[in-house]
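Asks: Okay, here's the structure, questions in a sec.
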Amino acid sequence: MGEPNADVTYYFQGRGDWNLDPLTETYGLAFYLQYLAHWPEYFQVTESPTGQIMGYIMGKAEGSVQQEEWHGHVTAVTVAPEYRRLGLAAKLISNLEEISEKKDAFFVDLFVRMSNNVAVDMYKQLGYVIYRRVLEYYSGDPDEDAFDMRKALSRDKDQKSIVPLKDPVRPEDIE
Numbered sequence: 001m002g003e004p005n006a007d008v009t010y011y012f013q014g015r016g017d018w019n020l021d022p023l024t025e026t027y028g029l030a031f032y033l034q035y036l037a038h039w040p041e042y043f044q045v046t047e048s049p050t051g052q053i054m055g056y057i058m059g060k061a062e063g064s065v066q067q068e069e070w071h072g073h074v075t076a077v078t079v080a081p082e083y084r085r086l087g088l089a090a091k092l093i094s095n096l097e098e099i100s101e102k103k104d105a106f107f108v109d110l111f112v113r114m115s116n117n118v119a120v121d122m123y124k125q126l127g128y129v130i131y132r133r134v135l136e137y138y139s140g141d142p143d144e145d146a147f148d149m150r151k152a153l154s155r156d157k158d159q160k161s162i163v164p165l166k167d168p169v170r171p172e173d174i175e
């Protein structure tokens, strides 16, 4: 298994194969480069010995420290089909969690399509809980709801950040 490579600019130079899964959201190049510029430590790519992209993760740190909302966020994580079931996604997520711990975050969160049962189950196995349901988070025909899943980090000793909310929210209500 390849090790995460922090120098990911290479992957955006004329290559279009970095989005590896139809369930992973695709963004414009400017969006990826903005993340890379602002949160380079949260953007990692793994490649095979032959140089093929195996997977990547991108994320950020955000939120209010005063409201105990300072957290790491997984914006996207994906693994190419031929490299799945090797623990690569778990390793990428673990690396992002370690970075978030070093930044003294309270938790890590992510959004996942409710219909993506494989991903939801994997996140649960990694210690994430369903914090809330976000109505019509994903655009499409029809729009699709998402789960906001969270994992408390060591700073959140009482695990207040992962107490599930009862009522669903709309995307515009997300802090």
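Using the UniProt record's numbering, read the sequence shown as starting at 1 and increasing by one per residue. Glycine included, every Cβ here is placed at the ideal spot set by N, Cα and C.
Can you give me the C-alpha to C-alpha distance between Glu97 and Phe111, rounded to a whole angstrom?
Replies: Taking the straight line from one Cα to the other gives about 15 Å.
Asks: Going by CA-CA distance only, name the one from Ile53, Tyr27, Asp109, Asn95 that's closest to Arg133.
Replies: Comparing Cα positions, the closest option is Asp109.
Asks: Looking only at its own chain, which residues have a Cβ that is under 8 Å from the Cβ of Pro164, when we skip the five neighbours before and after it?
Replies: Val129, Ile130, Tyr131, Arg132.
Asks: May I have the straight-line CA-CA distance separating Gly16 from Arg170, to the nearest angstrom?
Replies: Confidence at Gly16 is low in this model, with a pLDDT of 48, below 50, so the placement of that residue should be treated as unreliable; the coordinate-derived value is given next. Rounded to whole angstroms, Gly16 to Arg170 spans 32 Å at the Cα level.
Asks: From the DSSP secondary-structure annotation, give me the bridge partner or partners of Glu136.
Replies: BP columns for Glu136 are empty, so no partner.
Asks: How long is the line joining the alpha carbons of Thr50 and Tyr83, rounded to whole angstroms?
Replies: So the alpha carbons of these two residues sit roughly 13 Å apart.
Asks: Measure the C-alpha to C-alpha separation of Ala89 and Ile162 and round it to an integer number of angstroms.
Replies: For Ala89 and Ile162, the distance between alpha carbons rounds to 22 Å.
Asks: What does the Cβ neighbour count give for Gly72, buried or exposed, with the cut at 16 atoms within 10 Å?
Replies: Buried, since its Cβ has 16 or more Cβ neighbours within 10 Å.
Asks: Report buried or exposed for Ile93, applying the criterion of at least 16 other Cβ atoms within 10 angstroms of its Cβ.
Replies: Buried is the call here.
Asks: Alpha helix (DSSP H) containing Glu98: first to last residue?
Replies: Where Glu98 is concerned, the enclosing alpha helix (DSSP H) stretches over 88-102.
Asks: Just to confirm the assignment, what range does the alpha helix (DSSP H) spanning Val74 have?
Replies: Premise fails: Val74 lies in the beta strand (DSSP E), 71-79, not in any alpha helix (DSSP H).
Asks: Taking 8 Å as the cut-off, decide whether the C-beta atoms of Ala61 and Glu25 are in contact.
Replies: Result no, Cβ atoms of Ala61 and Glu25 do not sit closer than 8 Å.
Asks: Sort out for me which residues DSSP pairs Gly127 with in a bridge.
Replies: BP columns for Gly127 are empty, so no partner.
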